[in-house]
Amino acid sequence: RSLIYHNRAHTGDKPFKCKLCPEEFACNSLLTDHNHLHTGEKPFKCKQCPKAFAQNSYLRKHNRTHTSEKPFKCMQCPKAFVLNSDLRNHNRTHTGEKPFKCKQCCKAFSTNSHLQSHNRTHTGEKPFKCNQCPQAFATNSSLQRHKCMHTGEKPFHCKLCPQAFAQNSSLKKHDRIHTGEKPFKCKLCPQEFAYNSLLICHNRTHTGEKPFKCKQCPQAFAQDSSLRRHNRTHTGEKPFKCKLCPQAFAQNCHLRNHNQTHKGEKPFKCMQCPKAFALDFHLRSHTRIHWGKTI
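Reminder that position 119 of the sequence shown reads as 108 in the numbering used here, one-by-one numbering, no gaps.
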């Protein structure tokens, strides 16, 4: 019997046909396993956790999550994987192959799962729903990141300072503060940045683009943060409050300047006389005495 099954691997013969879908199989045991997908039956139970599976092969793959066994090793780098499919996906990072192409735009992806996630940008589908609020997401990873907002959990800890983060990607970005790494380089000038978002903002200094427009006046800004600061001129909001007096400010830099009046610190020194001031504005006012003109 084993020889018969083996021969079908050469001939492609698949005599066992599913009655509920077009799938066909070379041996009856594979058809039996497949039928569990239709019935919902999961007879293959993990002995170490409550999970159960429709097929024995799925159980064997799952068992490696308990043993940490990674039998599928990359030939080009030290990485190893629990599943052969994961190794195949990983190999494409070396070859640059992107066989999964979007039918609605020119994008292509190294894995089918990435293509499926991308397709949702066209359909607007958000199948991953939060069970604690109405939010829904296009990818499971986005849902898991969101859930940390409800739990307050921050499982990713910096090894060099007490900071902790809800997302591993946030920890990686934070690490650049310690390493000084600036991997995002401007193509038009020597500037380099720790974060891609900073590079995008910087590029607008070259293009002159100002996509953030005020809804109450004609002003527009290169950065969202600049628009938020500007909006406070309309709303009168002053969220930066002094801890030592009732003063409050629209911008954090104004609060920092104000704090120097409490410390007695006077970092702004006149170049013409020994006087010094807590605020830059006060120095500019004083300088008019020497120059007799507006600075």
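Cβ atoms here follow ideal geometry from the backbone N, Cα and C, with glycine treated the same way.
Cutoff 6 angstroms; reference residue i; Cβ partners in own chain excluding five residues on either side
i: Lys6; result: Glu13
i: Ser99; result: Arg81, Lys87
i: Phe257; result: Phe266, Asp269, Leu272
i: Lys8; result: none
i: Thr283; result: Low confidence applies here, because Thr283 scores a pLDDT of 44, under 50, leaving its location unreliable; read the following figure in that light. Cβ within range, chain order: n/a, list empty.
Inter-residue spacing [alpha-carbon to alpha-carbon] between residue i and residue j
i: Lys199; j: Ile189; result: 12 angstroms
i: Ser46; j: Asn24; result: 14 angstroms
i: Lys171; j: Phe182; result: 5 angstroms
i: Thr112; j: Ser158; result: 26 angstroms
i: Arg77; j: His51; result: 18 angstroms
i: Pro4; j: Met64; result: 37 angstroms
i: Ala153; j: Arg165; result: 14 angstroms
i: Thr28; j: Ala43; result: 9 angstroms
i: Pro263; j: Gly141; result: 52 angstroms
i: Ser106; j: Ser274; result: 58 angstroms
i: Lys59; j: Lys161; result: 25 angstroms
Residues bridged to residue i [DSSP beta-bridge criterion]
i: Lys118; result: Ala125
i: Lys90; result: Ala97
i: His146; result: Ala153
i: Glu13; result: Lys6
i: Lys62; result: Ala69
i: Phe257; result: Phe266
i: Lys34; result: Ala41
i: Lys174; result: Glu181
Beta carbon of residue i nearer than 7 angstroms to that of residue j
i: Phe288; j: Lys227; result: The question about residue 288 has no answer, for the chain in this structure spans -10 to 284.
i: Phe173; j: Asn185; result: yes
i: Phe89; j: Leu72; result: no
i: His219; j: Gln205; result: no
i: Phe126; j: Lys115; result: yes
i: Ala155; j: Cys137; result: yes
i: Leu216; j: Phe229; result: no
i: Phe33; j: Leu48; result: yes
i: Lys31; j: Ala41; result: yes
Contact set for residue i: own chain, Cβ-Cβ below 7 angstroms, skip 5 residues either direction
i: His247; result: Cys231, Gln236, Phe238
i: Lys68; result: His79
Contact set for residue i: own chain, Cβ-Cβ below 8 angstroms, skip 5 residues either direction
i: Leu187; result: Phe173
Cβ of residue i within 7 angstroms of any chain C Cβ
i: Lys36; result: The structure shown contains no chain C; it is built from a single protein chain.
(message) Report the start-end ranges of each alpha helix (DSSP H) in the stretch 179 to 251 that is 4 residues or longer and not cut off at the edges.
(response) Secondary structure remark: continuous alpha helix (DSSP H) runs of at least 4 residues inside the stretch 179 to 251, in chain order: 185 to 196, 213 to 224.
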